[in-house]
Amino acid sequence: MIYVKSEEEIGLLREPCAIVRDTLAFVGARVRPGVTTAELDACAEEYIRSRGAVPSCLGYSGYPASICASVNEEIVHGIPGGRVLREGDIVSIDLCAYKNGFHGDGARTFAVGQIDAEKQKLIRVTEECFWKGIEGLRAGTPLYDIGAAVQKHAEENGFSVVREFVGHGIGREMHEDPSVPNFGKRGTGVRLKAGTVLCVEPMIVAGARALRVLDDGWTAVTLDKKPAAHYENTLVVREDGVEILTL
Ligand code: MF3
Ligand code: CO
3 MIYVKSEEEI GLLREPCAIV RDTLAFVGAR VRPGVTTAEL DACAEEYIRS
53 RGAVPSCLGY SGYPASICAS VNEEIVHGIP GGRVLREGDI VSIDLCAYKN
103 GFHGDGARTF AVGQIDAEKQ KLIRVTEECF WKGIEGLRAG TPLYDIGAAV
153 QKHAEENGFS VVREFVGHGI GREMHEDPSV PNFGKRGTGV RLKAGTVLCV
203 EPMIVAGARA LRVLDDGWTA VTLDKKPAAH YENTLVVRED GVEILTL
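Each residue of the sequence shown is one higher than the one before, counting from 3 in the numbering used here.
Laid out in structure tokens, this is it:
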């Protein structure tokens, strides 16, 4: 069931979402050759806690860290560890913060030093997919219009959209209804109501969309080892558009 939020609840959501935004910037400023993903995780956790919030991912279904750090062919849910980032890598940072009884959720993909043209285009197109996905989104929009627009833009650029992972509603729980796929048919799905809070999160791969999950039980990687990117914001559907809470 989609739980539509009151203005009071949306007011409470603003702070965890602002903390997500600021943590992503804080971590992004520390992405450089030589840093490990565990170091990025530690600085994210410290920063989130310094703002009086809790990293929602830590302990979620047994997840062992505060952020997901997915490098190159890793699509999502990369577990931070001793891996050293190297010039030419890309790393997606996905994190959630819990405060005031609500979760915020966001993701960005960062370049490590200089990256090749394909990775540059992938990062750009993935962010563009987010903006295409929410173009025209407002109360009354059919849910799958979002994914249809994301898929169209990704595929027009020669990229693929993963099917196994999707966006979602968010609020008092990190994952609420509805699921928000990054693919679908325009004009279908439930008509979204004002006050619905969604995480729109294109996960785009440069090659084929086939993936597998590593033996760690979390890290999703492309089978063809081509790079992947991720861009996510938490937003409120309004009568006349959207209000993005993590920008
Ligand atoms: N932002 C991710 C999501 O929407 C958070 C994953 S946290 C994890 O699913 F604990 F599941 F890894
Ligand atoms: Co999410």
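Backbone N, C-alpha and C define an ideal beta-carbon position, used for all residues, glycine too.
- Query: Are there three or more Cβ pairs, one per stretch, closer than 8 Å when the segment 14 to 31 is compared with the segment 102 to 115?
  - Reply: Counting C-beta pairs closer than 8 Å gives three or more between the segment 14 to 31 and the segment 102 to 115, which meets the contact rule.
- What do you get for Ser94, buried or exposed, if any count of 16 or more other CB atoms within 10 angstroms of its CB means buried? It counts as buried.
- How many angstroms separate the CA atom of His232 from the CA atom of Glu10? Whole-angstrom Cα-Cα distance: 30 Å.
- Query: the ligand MF3 heavy atoms versus the CB of Ser68: any closer than 7 Å?
  - Reply: No, the Cβ of Ser68 stays beyond 7 Å of every heavy atom of the ligand MF3.
- Task: Return the CA-CA distance between Arg240 and Ile206, expressed in angstroms with no decimal places.
- Result: Cα to Cα, Arg240 sits roughly 27 Å from Ile206.
- Answer yes or no: do Gly191 and Ile4 have a C-beta to C-beta separation smaller than 8 Å? In terms of Cβ geometry, Gly191 and Ile4 do not form a close pair [threshold 8 Å].
- Buried or exposed by the 16-neighbour rule on C-beta atoms within 10 Å, applied to Val86: It counts as exposed.
- Task: Let me know if Trp100 comes out buried or exposed under the rule of 16 or more other beta-carbons within 10 Å of its beta-carbon.
- Result: The displayed chain sequence assigns Tyr, not Trp, to residue 100. Buried, because 16 or more other Cβ atoms sit within 10 Å of the Cβ of Tyr100.
- Message: the ligand MF3 and Tyr65: does any heavy atom of the ligand fall closer than 7 Å to the residue's C-beta?
- Response: Checking every heavy atom of the ligand MF3 against the Cβ of Tyr65, one is found closer than 7 Å.
- Item | Exposure label - Pro183; buried when at least 16 CB within 10 Å | So Pro183 counts as buried.
- Message: Looking only at its chain, what residues have a beta carbon closer than 7 Å to the beta carbon of Arg211, apart from the 5 residues adjacent to it on each side?
- Response: Around Arg211: Ser162, Val163, Val164, Arg165.
- Query: Excluding five sequence neighbours on each side, which residues of the same chain lie with their C-beta closer than 8 Å to the C-beta of Gly103?
  - Reply: Taking C-beta separations shorter than 8 Å and ignoring five residues to either side along the sequence, the partners of Gly103 in its chain run Leu14, Arg174, following chain order.
- Own chain partners of Ile21 with C-beta closer than 7 Å, once the 5 adjacent residues on each side are dropped: Annotation for Ile21: Ile50, Arg53, Ala55, Ala99, Lys101, Gly106 place their beta carbon closer than 7 Å to its own, counting only its chain and skipping 5 residues before and after.
- Message: What residue range does the beta strand (DSSP E) around Val238 cover?
- Response: Segment 235 to 240, the beta strand (DSSP E) holding Val238.
- Query: For the candidate residues Thr143, Ala230, Ile246, whose alpha-carbon lies nearest to that of Ser72?
  - Reply: Residue Ala230 is the option with its Cα nearest to Ser72.
- Have a look at Ala119, Asp91, Leu124, Thr39 and flag the residue whose alpha-carbon is nearest the alpha-carbon of Gly80. The shortest C-alpha separation from Gly80 is found at Thr39.
- Query: What are the partner residues of Pro144, as DSSP defines its beta bridges?
  - Reply: Answer by DSSP bridge pairing, in chain order: Arg193.
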